[in-house]
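S.K.: Residue numbers (our numbering): 13 to 258.
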Amino acid sequence: MNAAETIRDAVARVAALRQLSASSPSLLAAVTSVKGLQARRFSGTYRDLLATREYGAAARFFLVELYSEKDYSQRDAQFARIAGALQRIFPAQVVGTAVALAQLHVLTEEFDYAMAASWLQSKSTVNNEVDRYLSVWQSVGRSEDRSKQLNLVIEIGSELERLTRTPGLRLMLRMMRRPAMATGLGALQSFLEAGFDTFAGMSAQRGRATKFLEMIREREATLMAQLFATETAIGRDALTSHLRIE
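1) DSSP state of alanine 154, grouped into three classes?
2) Starting from the C-beta of serine 55, find all residues in its chain whose C-beta is less than 8 angstroms away, skip the five residues before and the five after it, and write them out in chain order.
3) Is it true that the CB of leucine 78 sits closer than 8 angstroms to the CB of valine 152?
4) Comparing C-alpha positions only, which one of Leu113, Gly219, Val148, Ser33 sits nearest to leucine 200?
5) Applying the 10 Å Cβ sphere with the 16-neighbour rule, what's the burial state of threonine 120?
6) Expressed to the nearest angstrom, what Euclidean distance is found between the alpha-carbon atoms of valine 46 and asparagine 163?
7) Please state whether DSSP places glutamine 161 in a helix, a strand or coil.
8) DSSP three-state call for alanine 24: helix, strand or coil?
9) Between methionine 127 and the rest of its own chain, which residues show a CB-CB distance below 6 angstroms, the 5 nearest in sequence each way excluded?
10) Among Asn139, Arg20, Ser170, Ala41, which one has its Cα closest to the Cα of alanine 212?
11) Here's the rule I'm using: 16 or more other beta-carbon atoms within 10 Å means buried, otherwise exposed. How should alanine 129 be labelled?
12) Using a Cβ-Cβ cutoff of less than 6 angstroms, which residues in the same chain neighbour arginine 25 once the five nearest sequence positions on both sides are dropped?
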């Protein structure tokens with residue numbers, strides 16, 4: 013499957029899951045709850061980085077573009093519309109980033125949908141949101157796909173960092189701004205510019221972007237292992253700490 017087909021397939025799968033969620037008010041509310049809780053968790057996990065000058069912008073970029081409850085439907089539609097021309101318009105590095113983002117989006121939406129369905133089922137048995145989330149996480153399982161999800165996040169970050177070393181790319185992105193807006197591709201353009209500028213700022217200090225991505229990988233992998241631990245208290249304590257719940 014080439015880049016265009018991969019992106020179109022991913023967007024179609026995400027749209028189908030969203031349509032299923034929208035068909036049930038209770039399921040849609042559960043999806044919203046799960047996404048919101050996960051955004052809070054990310055903010056807690058990286059509260060130290062979010063407060064720093066060195067990593068704050070990158071952590072906020074990840075939170076807003078990859079981990080938030082933000083509605084990405086506009087960007088998805090733009091990805092699908094431009095998919096056929098992607099390889100002709102953008103450099104290969106940008107195409108790779110777009111494909112990884114599409115694959116990540118599918119996995120994330122699949123997990124959110126599955127967790128929301130389990131969230132509804134656990135409503136009558138678990139009231140505490142930490143225990144409920146932990147129960148839902150473990151019932152959905154798919155540890156290998158969770159690792160793949162994390163690898164895609166790191167891949168996107170690494171690709172964005174590499175883009176900053178592509179001669180003339182920032183100028184090209186700036187020149188594309190007006191045509192992108194005129195053709196309804198503003199959300200995609202904003203993502204590319206924000207990602208480029210975020211990692212360009214870190215790349216100015218040698219090794220900073222690599223260190224940031226290493227911290228993301230280490231913290232996410234550690235938390236995943238804790239949430240999948242057979243001893244429930246391990247996952248509960250970890251999640252409570254990340255959510256800053258006393």
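Backbone N, C-alpha and C define an ideal beta-carbon position, used for all residues, glycine too.
M.R.: Short version:
1) Residue mapping note: residue 154 aligns to position 142 of the sequence shown, counting from 1. According to the sequence displayed, residue 154 carries arginine and not alanine. The answer is coil: DSSP assigns arginine 154 none of H, G, I, E or B.
2) What you label residue 55 is simply residue 43 of the sequence shown in a count that begins at 1. Excluding sequence neighbours, serine 55 sits near Leu62, Leu75.
3) Here residue 152 corresponds to residue number 140 of the sequence shown, with the count starting at 1. Here residue 78 corresponds to residue number 66 of the sequence shown, with the count starting at 1. Cβ distance not < 8 angstroms, so valine 152 and leucine 78 don't count as in contact.
4) Within the sequence shown, numbered from 1, the residue matching residue 200 stands at position 188. The shortest C-alpha to C-alpha distance from leucine 200 to any of Leu113, Gly219, Val148, Ser33 is the one to Leu113.
5) Translated into the one-based positions of the sequence shown, residue 120 becomes position 108. Buried: at least 16 other Cβ atoms inside 10 Å.
6) Taking the sequence shown and counting its residues from 1, the one referred to as residue 46 is at position 34. Taking the sequence shown and counting its residues from 1, the one referred to as residue 163 is at position 151. Each residue's alpha carbon lies about 21 angstroms from the other.
7) On the sequence shown, residue 161 is found 149 positions in, with the first residue counted as 1. Three-state result, glutamine 161: helix.
8) Here residue 24 refers to the residue found at position 12 of the sequence shown. Looking at alanine 24 - three-state DSSP - the assignment turns out to be helix.
9) Taking the first residue of the sequence shown as 1, we reach residue 127 at position 115. Once the five neighbours on either side are set aside, the close Cβ partners of methionine 127 are Val46, Val148, Val152.
10) Along the sequence shown, read from residue 1 onward, the residue named residue 212 stands at position 200. Nearest of Asn139, Arg20, Ser170, Ala41 to alanine 212, Cα basis: Ser170.
11) Indexing the sequence shown from 1 puts residue 129 at position 117. Buried, by the Cβ-count rule.
12) The residue given as residue 25 occupies position 13 in the sequence shown. Same-chain partners within the cutoff: Val118.
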